[in-house]
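Throughout the sequence shown, residue numbering follows our numbering, covering 2 to 375 in sequence.
Virtual Cβ for every residue (Gly too), placed ideally from N, Cα, C.
Reviewing the structure listed below.
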Amino acid sequence: MIIDAIHVLGWFEGQEGYNVHTRNIADALARRITVHRTELPRRAGEVVTVASEVAKYANGDSHANLLISWGEKANYLVDLPGLKIAYVVWETTKLPDSWLEPLGAADRYWVPCAWCREVLVDNGFAPETVDIVPHGVDPRIFNQGAPREPVLEALAGFKFLNVGVWRHRKGTADLLKAFDAEFAGDSGVRLVLNCDDPNRPDFDLRGELLGLNPSCLDQLTFLQGNIRNEVMSRIFTACDVAVFPTRSDPWGLPISEAMACGLPVIATHFAGPADYMNSETGYPLAWEPASCPWMPVEMVDGDYGVWAEPDIGELRSLMRKVYENQAEARRLGERAAEHMRSNWTWDHAVDKALLALEAVDDASPDAHNDILGL
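So, in structure tokens, the structure goes:
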């Protein structure tokens, strides 16, 4: 099958992970192939307005549709002409009940990492229909040459940084406890936190942290969430190391972007980061499998699947190691930046996307029906 146009459906505007991914992969694809874009509705009851150009592909030849959204939104693919691809991102070993039937509308499935591919196969998807198409970084923005953010650069001491939403999954509270236990009272060390909760307009990071009663309050710096990429790159270069004790990141945009900016990174060696980070390019954090206690989706049997439980004792040890071996950490960060620039940009992601499209076999259009037991 020769694909000469791709129709991308998703949420293009915004700074959350789905927005960044949809926008960047569409832009990178557009440098290589014709791309049409459809913005998905954001509220119940809104109607999707499909890109007008799609009508000329009514016979389905040479055209693919790529939906980047929650699995339950895959029903938007049903009436579209051409190859149907659902990009599936989930954080535990068990997909939400509400995703399975809608995902049956797709012919192919793209996922960001090897672990996600295993999850889909274990949930009943035919292995030959699941391709790994990673996320990426924009090296024009995220690079070692980004000027340092002046306010952070002016802060004295060694600066650990964490970026992400305030979630149990992200391990922010665990990081604070580890930092407090390891460095409280050491005025030469600081923890910089850029965390928010887009689902809570009244979210107060300082208030959340005060509730944990840390001893290191005067060593904490809080940044406003939802920061533009150009500013975030300057925040990365103004800090000394980035730390992500996450329980699951199918990709981990801030992790990869920090590495691209030359920061040594401590991150749980699970899911997405396990594909692009190792001991030569970062500080992999050990973990054990653990049951996920809850996710904001319906699971009729109450089983939310399994994810990673990071080793907090090792987290403390790695933070101490980086602090006491700063020259070595800087060299590792330089290797990380080169590694990301040479292997993990959005253009590299499109290389894999186009290979996946070239490999589509017209002879097996119904392989995906395994997930429905058909």
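- With 16 or more neighbouring CB atoms inside 10 Å of its own CB, Thr282 falls in the buried class.
- In this model, Asn60 and His8 are separated by some 15 Å (Cα to Cα).
- If you look at Leu10, you'll find it isn't in any alpha helix (DSSP H); it sits in the beta strand (DSSP E) that goes 6 to 11.
- Non-local C-beta neighbours of Asn124 in its own chain, meaning closer than 6 Å and more than five positions away in sequence, comprise Leu96, ordered along the chain.
- Around the Cβ of Asp108, a 10 Å sphere holds 16 or more other Cβ atoms; the residue is buried.
- Listed in chain order, the alpha helix (DSSP H) runs fully inside the stretch 95 to 123 are 98 to 104, 115 to 123, counting runs of at least 4 residues.
- Counting other Cβ atoms within 10 Å of its Cβ, Gln327 stays below 16 and is therefore classed as exposed.
- Taken in chain order, the complete alpha helix (DSSP H) segments of 4 or more residues contained in the stretch 289 to 369 are 313 to 325, 327 to 344, 347 to 359.
- With respect to Asn195, Ile256 sits apart: the two C-beta atoms are not nearer than 8 Å.
- For Tyr284, the enclosing beta strand (DSSP E) covers residues 284 to 286.
- In this structure, the beta-carbon distance from Phe143 to Phe161 does not fall below 8 Å.
- Taking 8 Å as the cut-off, the beta carbon of Ile26 is found no closer than this to the beta carbon of Ala6.
- Remark: C-beta atoms of Asp98 and Glu258 do not approach each other more closely than 8 Å.
- Shown here, Leu156 sits in coil according to DSSP, grouped into three states, outside any helix or strand.
- DSSP assignment within the stretch 158 to 238 yields the following whole beta strand (DSSP E) runs of 3 residues or more, N-terminal first: 159 to 166, 190 to 197, 221 to 223.
- Only exposed fits Glu325, as fewer than 16 other CB atoms lie within 10 angstroms of its CB.
- For Ile133, the uninterrupted beta strand (DSSP E) run begins and ends at 131 to 133, by DSSP.
- Residues of the same chain with a CB within less than 8 Å of the CB of Glu183, apart from the 5 flanking positions on each side, are Arg317, Met320, Arg321 in chain order.
- Around Ala354, the same chain offers Val134 as residues with beta carbons nearer than 6 Å, after the five sequence neighbours per side are excluded.
- Taken in chain order, the unbroken stretches of beta strand (DSSP E) that lie wholly in the stretch 234 to 279 and span 3 residues or more are 242 to 245, 266 to 269.
- In its chain, beyond the 5 residues on either side, Pro42 have a beta carbon closer than 8 Å to the beta carbon of Val48.
- Pro294 counts as exposed, since fewer than 16 other beta carbons sit within 10 angstroms of its beta carbon.
- Taking Gly273 as the centre and dropping the five residues before and after it, the same chain places the C-beta of Pro113, Cys114, Asp250, Pro251, Trp252, Gly253 closer than 7 Å to its C-beta, in chain order.
- In the three-state scheme derived from DSSP, where H, G and I count as helix and E and B as strand, Glu14 is classed as coil.
- Using a 10 angstroms sphere on the CB of Pro199, the tally of other CB atoms stays under 16, which defines it as exposed.
- The beta carbon of Phe223 sits closer than 6 Å to those of Leu194, Leu206, Arg207, all from its chain and outside the five residues before and after it, given in chain order.
- In the DSSP assignment, Glu40 is bridged to Gly11.
- The Cβ atoms of Ile69 and Thr23 lie closer than 8 Å to each other.
- Pairing His270 with Ala291 gives a Cβ-Cβ distance that is not under 8 Å.
- Here Leu81 carries a coil assignment [DSSP, helix/strand/coil].
- Apart from the 5 residues on each side of it in sequence, Glu310 sits with its Cβ closer than 8 Å to the Cβ of Arg248, Trp288, Glu289, Pro290, Ala291 in its chain, given in chain order.
- For Arg191 against Leu156, the beta-carbon gap comes to about 6 Å, under 8 Å, which counts as contact.
- Cα atoms of Asn344 and Val166: separation of roughly 26 Å, rounded to the nearest angstrom.
- Going by DSSP, His64 is part of the beta strand (DSSP E) stretching over 64 to 69.
- Looking only at Gly83, Gly105, Leu81, the smallest Cα-Cα distance to Val89 is reached by Gly105.
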